[in-house]
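Asker:
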Ligand SMILES: [Zn+2]
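Residue numbers (our numbering): -17 to 431.
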C-alpha cells in the first residue's frame, strides 16, 4: 500500500514555468512528472485540491534550530513541526546558537546524532567559518555541509566567533576550493560602537534608540568590504538578511560586474516598519534591525525587481525571558524573531500590492534557497525527478495568527495577532502527509539531505 502511486490535482499548480491546472504524479517519494488531470493513470490514488494552490515545499536556507546545546530555546522536534505547519519541507540550519557550534566535523556529527528521529521535514547544515577553524573548512565540506556562515560582528551569544578581515582572508582560499557559498552576516562593529557611544544616556525602551544604534552604515560598509574580498578571492558570496535598502546600489553594480553575489532578505523586513514598533516591543528586536517604512518600500521594490534573490526566515527563537518583556529594553533583549510557521502568509501579505504572483513566491522561498543550499536538483520545484515535497496553500484565506499555531518551543512572536492573507492547508514530504489542518503525522521521517 505504501508504494501506491499518487496524483495531486489542482487548478493552480505552481511550476517553474507558471501556474496551471495539472496533476503532480508521485511514486516512491519522487515526482514522476506533471500531466493534465484527465490523463492520470487509473491505478493512481487521486487527491483533488480544487482551487487551492499546490506549491513545491518551501526551503528555508536560514534557520536557527539551536540543537544540540540550546534545546530550551528550540530544537529539531519543534522547529521542524513549525516548518511543516508553515509549508516548509527543508530547513538549512545555521552553525551557531547550537552548542557546540558547527565549526568542526565532530560538531556536525553531534548535530546529526541530535537530529535522529526528531525531524518532521528534511534538513541540512551550514558550517561555520570562525576565527580559529581555517583547517576545518575543507573537511566540513567533505562531510556534507552546504556552505559556510561567518559573522563580521559579535553574533549575539557565545559560541561561534566572529571573523576579522584578516581571518576572512585566510579562510577565503579554503572556501573557494570547496566551491560552496560563503554566507555572511554583514554588519561591521565599528559604526555600531560609534553610534551606541553617541547614544549615551538614551532611553533603551524606545525602538528609535535601538534603530539608531545599528545604522545603515554598518551594513553598507560590511557589504563594501565583502564585495572587495569577493572580487579578490572569487568565493560565492551570499548576503544574509539584508535590512538596509541603501546597500542595494552597490549590490546591483557588483552583480552587473559579474561578481558571484546573491542577496537574501527576511519576511520581517518586508512586513514590519520601525514606525509601527511600540516602545518596549522587544519581540521585534533582530539584527540588523527593522528599519523605516521608506526602507521597507525600497526592499519590497527590490524583491519585485529581482535585486533580492530570495527570502529566508532567520527564524531565531529564544525563551520568552530572554526577550526581557517586563523591562522592554532593546539593549538587553535577545535579537531574533520566531516566524517559521507564518513566513509564507507574511510574505503573501507583505507583497500583496506589488503584483506578486505565487510563482514569484515559489522562486524566492523554494527554488532559489534550494539552489543556494546545493539542493536545486531535488528540492524547491515541482518537476520530474524532484522529491515529492508539496504544500497546499489557500491564497485567498485570511486569518489572525494565534500563538498556539506557532508550534515552536516558545509560542512568542511579533506576528501573533496579525491579520494575514493565505493559509497552509497541508504539507507533504516525499509524497506523505506530514501536516494537515493543524494536525501532524504520527512519526517524523524527515532526513538530512
Ligand atoms: Zn540568523
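Glycine residues also receive a C-beta, built at the ideal position from the N, C-alpha and C atoms. Being a predicted model, the structure only gives us computed values, none of them experimental.
1. Starting from the C-beta of residue -17, find all residues in its chain whose C-beta is less than 7 Å away, skip the five residues before and the five after it, and write them out in chain order.
2. For ligand 1, I want to know if residue 296 counts as a neighbour, meaning its beta carbon is within less than 7 Å of at least one of the ligand's heavy atoms.
3. Excluding the five sequence neighbours on either side, which residues of its own chain have a C-beta within less than 7 Å of the C-beta of residue 373, listed in chain order?
4. Looking at residue 250 and ligand 1, is the gap between the Cβ and the nearest heavy atom below 7 Å?
5. Pick out whichever of 78, -2, 62 has its Cα sitting closest to the Cα of residue 71.
6. When you compare the CB positions of residue 115 and residue 79, do they come within less than 8 Å of one another, or not?
7. Report all residues from its chain with a CB closer than 8 Å to the CB of residue -7; omit the five preceding and five following residues, and keep chain order.
8. Excluding sequence positions up to five away, which residues of its chain have a Cβ less than 6 Å from the Cβ of residue 121?
9. Helix, strand or coil: which one does DSSP assign to residue -17?
10. Answer with buried or exposed for residue 27, where buried requires no fewer than 16 other C-beta atoms within 10 angstroms of its C-beta.
11. Is residue 20 buried or exposed, if buried means 16 or more other CB atoms sit within 10 Å of its CB?
12. Please determine, among -1, 12, -5, -3, the residue with the shortest C-alpha to C-alpha distance to residue -14.
13. Would you say the beta carbon of residue 412 is closer than 7 Å to some non-hydrogen atom of ligand 1?
14. Suppose only complete runs of 4+ residues qualify. What are the alpha helix (DSSP H) ranges in the stretch 187 to 269, listed by chain order?
15. Measuring only the C-alpha atoms, how far is residue 135 from residue 145?
16. Quick one: any contact between the stretch 225 to 240 and the stretch 173 to 188, if contact means 3 or more CB pairs under 8 Å?
17. Report back the beta-carbon spacing between residue 257 and residue 291 to the nearest angstrom; my notes put them in contact at under 8 Å.
18. Distance, Cα to Cα, residue 342 vs residue -1?
19. I believe residue 42 touches residue 74 by the beta-carbon criterion, under 8 Å. Please report the beta-carbon distance rounded to the nearest angstrom.
20. So what does DSSP say about residue 429, is it helix, strand or coil?
21. Express the C-alpha separation of residue 404 and residue 381 in angstroms, rounding to a whole number.
22. Using 8 Å as the Cβ pair cut-off and three pairs as the minimum, do the stretch 328 to 337 and the stretch 198 to 213 touch?
23. Look at the alpha carbon of residue 361 and the alpha carbon of residue 348, and state the distance between them as a whole number of angstroms.
24. Among 53, 352, 163, which has the Cα closest to the Cα of residue 219?
25. My output table needs one value for residue 394: the three-state DSSP class, helix, strand or coil.
26. By alpha-carbon positions, which one of 364, 414, 355, 270 ends up nearest to residue 44?
27. Residue range of the beta strand (DSSP E) that residue 414 falls in?
28. Tell me which residues share the same chain as residue 259 and place their Cβ nearer than 6 Å to its Cβ, disregarding the 5 neighbours each side in the sequence.
29. Kindly give me the distance between the Cβ atoms of residue 107 and residue 90, rounded to whole angstroms, as I take these residues to be in contact under 8 Å.
30. Along the chain, where does the beta strand (DSSP E) that runs through residue 328 open and close?
Answerer: Answer, in terms of the structure:
1. Residue -17 sits at position 1 when you count from the first residue of the chain shown. Only weak support is given to the placement of residue -17: the predicted model assigns it a pLDDT of 45, under 50, and the question is left unresolved by the model.
2. In the chain shown, the residue the question calls residue 296 occupies position 314. Flag set: Cβ of residue 296 near ligand 1.
3. Counted from its first residue, the chain shown places residue 373 at position 391. If you ignore the 5 residues before and after residue 373, its C-beta comes within less than 7 Å of the C-beta of 37, 39, 40, 69, 406, 409, all in its own chain and listed in chain order.
4. Counting from 1 along the chain shown, the entry for residue 250 is found at position 268. Outside the cutoff, so no.
5. Indexing the chain shown from 1 puts residue 71 at position 89. The shortest Cα separation from residue 71 among 78, -2, 62 belongs to 62.
6. Position 133 of the chain shown, counted from the start, is the residue given in the question as residue 115. Position 97 of the chain shown, counted from the start, is the residue given in the question as residue 79. The criterion of a C-beta distance shorter than 8 Å is not satisfied by residue 115 and residue 79.
7. Your numbering for residue -7 matches position 11 in the chain shown. Excluding sequence neighbours, residue -7 sits near 3, 32, 33.
8. Reading the chain shown from its first residue, position 139 is the one you call residue 121. Once the five neighbours on either side are set aside, the close Cβ partners of residue 121 are 87.
9. Sequence index remark: in the chain shown, residue -17 carries index 1 (1-based). In this prediction, residue -17 scores a pLDDT of 45, lower than 50, which makes its location untrustworthy; the coordinate-derived value is nonetheless stated afterwards. Shown here, residue -17 sits in coil according to DSSP, grouped into three states, outside any helix or strand.
10. Along the chain shown, read from residue 1 onward, the residue named residue 27 stands at position 45. Exposed, because fewer than 16 other Cβ atoms sit within 10 Å of the Cβ of residue 27.
11. Working through the chain shown from its first residue, we reach residue 20 at position 38. Counting Cβ neighbours within 10 Å, residue 20 comes out exposed, since fewer than 16 surround it.
12. Along the chain shown, read from residue 1 onward, the residue named residue -14 stands at position 4. Checking every option, the nearest Cα to that of residue -14 belongs to 12.
13. Against the chain shown, residue 412 aligns to sequence position 430. Distances taken from the Cβ of residue 412 to the heavy atoms of ligand 1 include none shorter than 7 Å.
14. Complete alpha helix (DSSP H) runs here, min 4: 189 to 195, 198 to 215, 230 to 238, 249 to 253.
15. For the purposes of this step, residue 135 is taken as the residue at position 153 of the chain shown. For the purposes of this step, residue 145 is taken as the residue at position 163 of the chain shown. Each residue's Cα considered, the two are about 7 Å apart.
16. Short answer: they don't touch.
17. Translated into the one-based positions of the chain shown, residue 257 becomes position 275. Translated into the one-based positions of the chain shown, residue 291 becomes position 309. Actually they are not in contact, since the Cβ atoms of residue 257 and residue 291 sit about 27 Å apart, beyond 8 Å.
18. One-based indexing of the chain shown puts residue 342 at position 360. One-based indexing of the chain shown puts residue -1 at position 17. Approximately 11 Å, taken between the alpha carbons.
19. Mapped onto the chain shown, residue 42 falls at position 60. Mapped onto the chain shown, residue 74 falls at position 92. With a Cβ gap of about 7 Å, residue 42 and residue 74 count as contacting.
20. In the chain shown, the residue the question calls residue 429 occupies position 447. In the structure shown, residue 429 sits in coil (DSSP, three-state: anything other than H, G, I, E or B).
21. For the purposes of this step, residue 381 is taken as residue 399 along the chain shown, with counting starting at 1. For the purposes of this step, residue 404 is taken as residue 422 along the chain shown, with counting starting at 1. Distance between the alpha carbons of residue 381 and residue 404 is about 8 Å.
22. Cβ pair count under 8 Å is below three, so no.
23. Taking the chain shown and counting its residues from 1, the one referred to as residue 361 is at position 379. Taking the chain shown and counting its residues from 1, the one referred to as residue 348 is at position 366. Straight-line Cα distance between these residues: approximately 7 Å.
24. Position 237 of the chain shown, counted from the first residue, corresponds to residue 219. Checking every option, the nearest Cα to that of residue 219 belongs to 163.
25. Locating residue 394 in the chain shown gives position 412, where the first residue counts as 1. Assignment of residue 394 by DSSP, reduced to helix, strand and coil, places it in the coil class.
26. Stepping through the chain shown from its first residue, residue 44 is reached at position 62. It is 355 whose Cα lies nearest to the Cα of residue 44.
27. As a first step, residue 414 must be located in the chain shown, where it is residue number 432. Counting along the chain, residue 414 sits inside the beta strand (DSSP E) bounded by residues 414 to 418.
28. Stepping through the chain shown from its first residue, residue 259 is reached at position 277. Within the same chain, residue 259 has close Cβ partners 189, 266.
29. For the purposes of this step, residue 107 is taken as residue 125 along the chain shown, with counting starting at 1. For the purposes of this step, residue 90 is taken as residue 108 along the chain shown, with counting starting at 1. Yes, they are in contact, since the Cβ atoms of residue 107 and residue 90 sit about 6 Å apart, within 8 Å.
30. The residue labelled residue 328 in the question sits at position 346 within the chain shown. Here residue 328 belongs to no beta strand (DSSP E); instead the alpha helix (DSSP H) covers 325 to 332.
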